[in-house]
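Undergrad: Following this message is one structure expressed as structure tokens.
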Amino acid sequence: MKNLSNEELEKRFQEKIDKDIKIEPNDWMPDAYRKSLIRQISQHAHSEVVGMLPEGNWITRAPNLRRKAVLLAKVQDEAGHGLYLYSACETLGANREQTIDDMHEGKAKYSSIFNYPAVTWADMGAVGWLVDGAAIMNQVALCRTSYGPYARAMVKICKEESFHQRQGYEILTTLCRGTPQQKAMAQDALNRFWWPSLMMFGPSDAESPNSEQSIRWKIKRFTNDELRQQFVDASVPQADILGLTIPDNNLKWNEERQHYDFGEINWDEFWQVLEGNGPCNKERINARKAAKENGEWVRNAALAFAEKRALRKTA
Amino acid sequence: MAKEWPLWEVFIRSKQGLNHKHVGSLRAADSQMALENARDVYTRRSEGISIWVVESNSVHANDPADADAYFEPSDTKIYRHPTFYDVPDGVKHM
Ligand SMILES: [Fe+2]
Ligand SMILES: [Fe+2]
């Protein structure tokens, strides 16, 4: 096994993938597979962490104690998701702090949805329903991804996510059954979050150069467009029950395809936000940088304290 | 870059009578912080009643590249399994 050529190793690797045998941290893997995973998992981790910012902003403004406790629990879950994913990333030999610095320097991305502001309480509803809903669709598919630690993190995350979408939908249900102003607030949130949520699935398959290889390696199990279609199909009846209108004139059921047809996404906006020109990109990165810099003395102090205590034990 | 907190592997006993099972890893300055962080991230929904944390660099493992040869002795000794033996028809409780 030790003296096999790269070609032979790659062949055996692909055979394992084809047989749905999971790849574990110390197993041989092609460099490009490792790189691809580090990129995807670290971006996923960054998204969980940056995703806490728009909701964290509303914890002290929640309309009652129940909503506040729920939002706090949800945001705490997202912190946990970030941690599971950074840990999975470290099993590939990535340096956690370096991946975080890469995001701060704009070299690594996070989900562009979090560059949109959450300006009303109804946005907490729309974020839970649509943003977590889209994330769940993506993450359920990733539970079968070929890299063991990533798949296990996804299984745990999916279990925890299930209340995130429900609590958001519940917020909107309550608003939609309230005063006309409250219902208008819910509609306004849907208007602003609908299209950015569709963008969460990434560029169309034709514009997604890494997609094909990711599918062959079973890192991804479905393409961006397949997942996006699933999401639209699931969301339309949910909007109907709320009595809200999805802001897309081209949205209609296609009997032949057995799917909803929907309008063209504004890809120019997608690329603009991804390149750093969205409404909140600077604010989000500055908040993350400040958190790292302002917490540094605490991390150093904890380490110094641990070292001192260890010394005292051996003395 | 500042010195990093060490990495810890986390093992959780989900209920009395079951063994501790590896659930993931985290970084912490010392064992006490590792235990508290493990409680906060891995047992938020009553997943555990007991936690072990072990510094990752204390874990030693066999080389997966040699796994076939390494585990070969257990594959070839089929006489370790009860199905290897012929027992006459009609023998009960065996
Ligand atoms: Fe999450
Ligand atoms: Fe979530």
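Chains A and B, in that order, give the protein sequences.
First residue of the first sequence: 1239, per this note's numbering; consecutive thereafter.
First residue of the second sequence: 259, per this note's numbering; consecutive thereafter.
Ideal Cβ placement from N, Cα and C applies to all residues, glycine included.
Below 9 angstroms on C-beta distance, what does residue 282 (chain B) contact in chain A?
TA: Ordered by position in chain A, the residues that pass the 9 angstroms Cβ test against residue 282 (chain B) are 1321, 1322, 1325, 1326, 1387, 1390, 1391 and 1394.
Undergrad: Inspect the beta-carbon positions of residue 1384 (chain A) and residue 1255 (chain A) and report whether they are closer than 8 angstroms.
TA: Yes, these two residues count as a Cβ contact at 8 angstroms.
Undergrad: Quick one: grab the DSSP three-state call for residue 1449 (chain A).
TA: Note: residue 1449 (chain A) maps to helix in three-state DSSP.
Undergrad: Compile a chain-ordered list of the residues in the region 1244-1269 of chain A whose CB is closer than 8 angstroms to at least one CB of chain B.
TA: Residues 1262, 1264, 1265 and 1266.
Undergrad: Output the distance between the C-alpha atoms of residue 310 (chain B) and residue 270 (chain B), rounded to the nearest integer angstrom.
TA: In a straight line, the C-alpha of residue 310 (chain B) is about 6 angstroms away from that of residue 270 (chain B).
Undergrad: Is residue 1549 (chain A) close to chain B, meaning its C-beta is less than 8 angstroms from at least one C-beta of that chain?
TA: By this cut-off, residue 1549 (chain A) is not an interface position.
Undergrad: Does DSSP put residue 1492 (chain A) in a helix, in a strand, or in coil?
TA: Strand.
Undergrad: Should residue 355 (chain B) go down as buried or exposed, given a rule of 16 or more other Cβ atoms within 10 Å for buried?
TA: Residue 355 (chain B) cannot be examined here, being either before or after the span of chain B that is shown, 259 to 352.
Undergrad: Rounded to a whole number of angstroms, what is the C-alpha to C-alpha distance between residue 330 (chain B) and residue 289 (chain B)?
TA: Looking at the two C-alpha atoms, the distance is approximately 37 angstroms.
Undergrad: Is it buried or exposed for residue 1351 (chain A), if we count other Cβ within 10 angstroms and need 16 for buried?
TA: Result: buried.
Undergrad: By the criterion of Cβ-Cβ separation under 9 angstroms, what are the contact partners of residue 1318 (chain A) in chain B?
TA: Under the 9 angstroms cutoff, chain B gives 298, 299, 300 and 302.
Undergrad: How long is the line joining the alpha carbons of residue 1306 (chain A) and residue 1523 (chain A), rounded to whole angstroms?
TA: For residue 1306 (chain A) and residue 1523 (chain A), the distance between alpha carbons rounds to 25 angstroms.
Undergrad: Where DSSP assigns a beta bridge to residue 1497 (chain A), which residues make up the other side?
TA: For residue 1497 (chain A), which the question treats as bridged, DSSP gives the partners A:1492.
Undergrad: Quick one, which of A:1263, A:1438 and A:1521 has its alpha-carbon nearest residue 1370 (chain A)'s?
TA: Looking at the Cα atoms, A:1438 is the closest of the given residues.
Undergrad: For ligand 4, I want to know if residue 1373 (chain A) counts as a neighbour, meaning its beta carbon is within less than 7 angstroms of at least one of the ligand's heavy atoms.
TA: The model on display carries ligand 1 and ligand 2 but not ligand 4.
Undergrad: List the residues of chain A that residue 263 (chain B) touches, going by C-beta distances under 9 angstroms, in chain order.
TA: Under the 9 angstroms cutoff, chain A gives 1537, 1540, 1541 and 1544.
Undergrad: Looking only at C-alpha atoms, which of A:1456, A:1473 and A:1442 sits nearest to residue 1464 (chain A)?
TA: It is A:1442 whose Cα lies nearest to the Cα of residue 1464 (chain A).
Undergrad: Ligand 2 and residue 1402 (chain A): does any heavy atom of the ligand fall closer than 7 angstroms to the residue's C-beta?
TA: Flag set: Cβ of residue 1402 (chain A) near ligand 2.
Undergrad: Do residue 1395 (chain A) and ligand 1 come close, with the Cβ less than 7 angstroms from some heavy atom?
TA: Checking every heavy atom of ligand 1 against the Cβ of residue 1395 (chain A), one is found closer than 7 angstroms.
Undergrad: Quick check on residue 1493 (chain A) - is its C-beta less than 8 angstroms from some C-beta in chain B?
TA: Residue 1493 (chain A) does not count as touching chain B.
Undergrad: Taking only runs of the alpha helix (DSSP H) that begin and end inside the region 1506-1552 of chain A, which ones reach a length of at least 4 residues, in chain order?
TA: As far as the region 1506-1552 of chain A is concerned, its whole alpha helix (DSSP H) runs of at least 4 residues are 1519-1552.
Undergrad: Could you check which residue in A:1514, A:1245 and A:1500 has the C-alpha nearest to that of residue 1506 (chain A)?
TA: It is A:1514 whose Cα lies nearest to the Cα of residue 1506 (chain A).
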